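Chemist: Numbering (this note's numbering), first residue to last: 25 to 407.
Think of the CB as a built atom: it goes at the ideal place given N, C-alpha and C, for glycine as much as any other residue.
Quick caveat: nothing in here was measured; it's all calculated off a predicted structure.
Below: one structure in C-alpha cells.
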Amino acid sequence: MIKKVGYILLFVGSWATAQSALYNSGNLQIHPEGQLGLHINLINDGILDDNLGLAGFYGDLPLTVSGAFAPTFFNLEIANPDHVFLTTGINTLNTTNFILGNFETPRNATDNYLNFVTNAFSTNTGDISKVDGYAAVTNQQNFTFPVGDAVQLRPLVLNSDAVNSFAKCAYFFEDPNSPSTFATSFSTGVKAESLGPVSTVEFWRLEGSVPSTVQLSWNERSAISLLTDDPATITVVGWSKVTNQWESLVGAPAMGDATQGFVASQSFIPDDYEVLTLASSLGEPLEFISVDNFLVTPNGDGNNDSFIIPELSQSPNNSLQIFDRFGLKVFEMENYTDEFRGFANTGTILMGKEKGLPIGVYFFIVEMRDLNLDFQGFLYLAR
C-alpha cells in the first residue's frame, strides 16, 4: 500500500505536498486496484469524483478535509484514533469501513456531512468509530445512519416508502430544552396530552421528504427510568413544525428493559418535525406476550448451540426476527425451527458473516400464525 500511495504522490502533478496538507487543484482519479492513504489533511479544490479503489484516513493525529468541492470515493475507510474533521463533505459510493476513529462534522454547519450515495453502506461501526455529526444518503430508500456523539454510536434506522433523493441525520446528546446549535428550543413541557415525560437527555435531527418509519434505541445513558418504570410505554416523539409541540409517533411496540431497547415509529414525513426523541406514552402500550430469556452458545459442545423456542412446535407457520441492541435486524426466517446459530442472514453486518455476530444481548420477535399470537424476548449470545 505504501508503494501505491507513493506512486500517486510522485506522478500526479495536480497534487502539491505541504507540511500539513495534500492539495488537489487538478483532476485525480483512483483506479480499480488503486489505494490512496492519507496521513495529513486533504484540501480539495479540484476534481476528485471519478474513483474506484480505496481511500483511507490513517495516522494518530486529527485530520481535516476541506476545500471548494466534496471529494467522492468508492471504498472508504478510517483508522485514526482521533478523528477526521469535515469542513466540506465526503461522498462515498460503496463501502465505508469504520475501523477506528470518527468522521466528525460541525453540527452548526449542516451542509457538511458524510454522504452515502445510492448503494453505499457502512461496516464495523461502533462506539469507537462512527459519524460524530451529520450523515446523509442520496438515492436510498432504507438506511441505518451510523451517527452518534464523541462517546457512543446512536444510530437511526430509516425505512421509507420510496427512494429518498436526499436525507440526512445527526444525533445530539443534549437537552432539547436548550440545544446548542438550534435557533429555538424544544420545550419538553409542551406536548400532546397522550404523552408522559419527554427525554431531556438526547435527540436526533432527521431531514427527509419521503414518508418513513424510524427506529430508535436506548441504553443506560438514555436514563429511561426518568421517563417511565414500564419500558413498554416508550414511544418515538417529534417536535411538530405545525403545532410547535411534541407529538406522538407511536408505531410498533417497544422492546427492551430499563437499560437497553428500541422502538419503531409510525409512518411520517421527517421534514414535518424539527427533532425526534423518546418519551413515555400515557395510553395503553402495545403488547406482546413475554417469554423466558434464552442463552445461545454456538461452540459445538451440544448445549445451546442453536436458538430453540419450544413453543414453536405448536405453530409451524411462524416467523422469527432477531435484532441487536440498536434495533438493527440481523436475522429473519419464515417457519423457523432451530436455524439460528449466531450468524446474521440479513443487514450490512453480513459483510463479516464468517466471524459470526458479536457476543451480547439480542432481542427477538416471533409471530405464531397458527395460534394468532405474537411474543418477544431476549437472548444472550456467548461463544
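1) Going by C-alpha to C-alpha distance, which of P95, G113 and P56 sits closest to G70?
2) Starting from the C-beta of D329, find all residues in its chain whose C-beta is less than 6 Å away, skip the five residues before and the five after it, and write them out in chain order.
3) Does DSSP classify Q338 as helix, strand or coil?
4) For V320, is the beta carbon positioned less than 7 Å from some heavy atom of the ligand PLP?
5) Pairs of beta-carbons, one from the stretch 122 to 135 and one from the stretch 160 to 168, closer than 8 Å: are there three or more?
6) Thinking just about the alpha-carbon of each residue, which of T119, N341 and Y195 is nearest to the one in D173?
7) Our contact map puts F122 next to N143 with C-beta atoms below 8 Å; I'd like the distance itself, whole angstroms only.
8) Return the CA-CA distance between L405 and S305, expressed in angstroms with no decimal places.
9) Using beta-carbon positions only, say whether L250 and L180 come within less than 8 Å of one another.
10) Looking at the strands, I want to know which residues DSSP matches up with V390.
11) Let me check understanding here. Comparing Cα to Cα, which of L66, F210, S146 and P235 lies closest to N183?
12) Taking only the alpha-carbon atoms, compute the straight-line gap between Y386 and A160 and give it to the nearest angstrom.
13) Can you tell me whether H55 is buried or exposed? The criterion is at least 16 other CB atoms within 10 Å of its CB, across all chains shown.
14) Mapping the DSSP letters down to three states, classify A40 as helix, strand or coil.
15) What number of angstroms, rounded off, separates the C-alpha of P105 from the C-alpha of S90?
16) Among G262, A186 and A278, whose alpha-carbon lies nearest the alpha-carbon of I248?
17) Which residue's Cα is closest to the Cα of G307: N51, G50, P221 and T168?
18) CB-CB under 6 Å to T283, same chain, minus the five flanking residues each way: which ones, in chain order?
19) Measuring alpha carbon to alpha carbon, tell me which residue in D74, Q269 and E363 is nearest N201.
20) What are the boundary residues of the beta strand (DSSP E) that I13 is part of?
21) If you reduce the DSSP assignment to three classes, tell me which class P294 lands in.
22) Report, in whole angstroms, the separation of the C-beta atoms of L72 and N48, which I expect to be a contact under 8 Å.
23) Please state the DSSP three-state secondary structure of R407.
24) Looking at I333 and L302, is the spacing between their C-beta atoms short of 8 Å?
25) With distances taken between CB atoms, is the gap from T361 to L395 smaller than 8 Å?
26) So the candidates are L110, F190, T116 and L352; which of them puts its Cα closest to the Cα of G157?
27) Taking DSSP's pairing of strands, which residues face A160 in a bridge?
28) Just the C-alpha distance for K353 and F169, rounded to the nearest angstrom, thanks.
29) For F364 and D348, I'd like the C-alpha separation in whole angstroms.
30) Residues bridged to S184 by DSSP?
31) Please state whether DSSP places K215 in a helix, a strand or coil.
32) Could you give the first and the last residue of the continuous beta strand (DSSP E) run that contains R229?
33) Taking 8 Å as the threshold (C-beta atoms), are W263 and E217 in contact?
34) State the start and end residues of the unbroken beta strand (DSSP E) segment that holds Q59.
35) Taking only three categories from DSSP, how would you classify S249?
Modeler: On the basis of the supplied data:
1) To locate residue 70, count along the sequence shown from 1; it is residue 46. Selected option, being the one with the closest Cα: P95.
2) Within the sequence shown, numbered from 1, the residue matching residue 329 stands at position 305. Taken in chain order, the residues that qualify are P322.
3) In the sequence shown, the residue the question calls residue 338 occupies position 314. DSSP places Q338 in helix when its eight states are reduced to three.
4) The ligand PLP is absent from the structure shown, which contains no ligand whatsoever.
5) no
6) The residue labelled residue 173 in the question sits at position 149 within the sequence shown. The shortest Cα separation from D173 among T119, N341 and Y195 belongs to Y195.
7) As a working mapping, residue 122 is identified with position 98 in the sequence shown. As a working mapping, residue 143 is identified with position 119 in the sequence shown. Actually they are not in contact, since the Cβ atoms of F122 and N143 sit about 18 Å apart, beyond 8 Å.
8) Position 381 of the sequence shown, counted from the first residue, corresponds to residue 405. Position 281 of the sequence shown, counted from the first residue, corresponds to residue 305. Rounded to the nearest angstrom, the two C-alpha atoms are 31 Å apart.
9) Residue mapping note: residue 250 aligns to position 226 of the sequence shown, counting from 1. Residue mapping note: residue 180 aligns to position 156 of the sequence shown, counting from 1. No, these two residues do not count as a Cβ contact at 8 Å.
10) Taking the sequence shown and counting its residues from 1, one reaches residue 390 at position 366. For V390, which the question treats as bridged, DSSP gives the partners L344 and F399.
11) As a working note, residue 183 is residue 159 in the sequence shown. The shortest C-alpha separation from N183 is found at P235.
12) Numbered from 1 along the sequence shown, position 362 holds the residue referred to as residue 386. Numbered from 1 along the sequence shown, position 136 holds the residue referred to as residue 160. Those two C-alpha atoms are separated by around 27 Å.
13) Here residue 55 corresponds to residue number 31 of the sequence shown, with the count starting at 1. Exposed.
14) As a position in the sequence shown, residue 40 is number 16, starting the count at 1. Because the pLDDT at A40 is just 44, under 50, the model does not fix this residue reliably, and the point stays unresolved.
15) Position 81 of the sequence shown, counted from the first residue, corresponds to residue 105. Position 66 of the sequence shown, counted from the first residue, corresponds to residue 90. Going by the C-alpha atoms only, they are around 20 Å apart.
16) Stepping through the sequence shown from its first residue, residue 248 is reached at position 224. Minimum Cα distance to I248 is reached at A278.
17) Against the sequence shown, residue 307 aligns to sequence position 283. Of the listed residues, the one whose Cα sits closest to G307 is P221.
18) Numbered from 1 along the sequence shown, position 259 holds the residue referred to as residue 283. The residues are E244.
19) Taking the sequence shown and counting its residues from 1, the one referred to as residue 201 is at position 177. Of the listed residues, the one whose Cα sits closest to N201 is Q269.
20) There is simply no residue 13 to check, as the chain begins at 25 and stops at 407 in what is shown.
21) The count along the sequence shown starts at 1 and reaches residue 294 at position 270. DSSP places P294 in helix when its eight states are reduced to three.
22) Here residue 72 refers to the residue found at position 48 of the sequence shown. Here residue 48 refers to the residue found at position 24 of the sequence shown. Their Cβ separation, rounded to whole angstroms, is 6 Å, which keeps L72 and N48 in contact under 8 Å.
23) Locating residue 407 in the sequence shown gives position 383, counting from the first residue. Coil at R407, not helix or strand.
24) Here residue 302 corresponds to residue number 278 of the sequence shown, with the count starting at 1. Here residue 333 corresponds to residue number 309 of the sequence shown, with the count starting at 1. Not a contact, by the Cβ cut-off of 8 Å.
25) Numbered from 1 along the sequence shown, position 337 holds the residue referred to as residue 361. Numbered from 1 along the sequence shown, position 371 holds the residue referred to as residue 395. In this structure, L395 does not lie closer than 8 Å to T361 by Cβ.
26) Position 133 of the sequence shown, counted from the first residue, corresponds to residue 157. Checked all of L110, F190, T116 and L352; the closest Cα to G157 is L110.
27) Mapped onto the sequence shown, residue 160 falls at position 136. Beta-bridge pairing links A160 to N139 and K192.
28) Your numbering for residue 353 matches position 329 in the sequence shown. Your numbering for residue 169 matches position 145 in the sequence shown. Those two C-alpha atoms are separated by around 14 Å.
29) For the purposes of this step, residue 364 is identified with residue 340 of the sequence shown, where counting begins at 1. For the purposes of this step, residue 348 is identified with residue 324 of the sequence shown, where counting begins at 1. Spanning the two alpha carbons is a distance of roughly 14 Å.
30) Translated into the one-based positions of the sequence shown, residue 184 becomes position 160. The partner list for S184 (beta bridge, DSSP) reads S236.
31) Here residue 215 corresponds to residue number 191 of the sequence shown, with the count starting at 1. Here K215 sits in strand by DSSP.
32) If you number the sequence shown from 1, residue 229 lands on position 205. Here the beta strand (DSSP E) through R229 covers F227 to E231.
33) Locating residue 217 in the sequence shown gives position 193, where the first residue counts as 1. Locating residue 263 in the sequence shown gives position 239, where the first residue counts as 1. Not closer than 8 Å, so no.
34) Here residue 59 refers to the residue found at position 35 when the sequence shown is read from its first residue. Unbroken beta strand (DSSP E) run through Q59: Q59 to L62.
35) Working through the sequence shown from its first residue, we reach residue 249 at position 225. Residue state, collapsed to three classes: helix.
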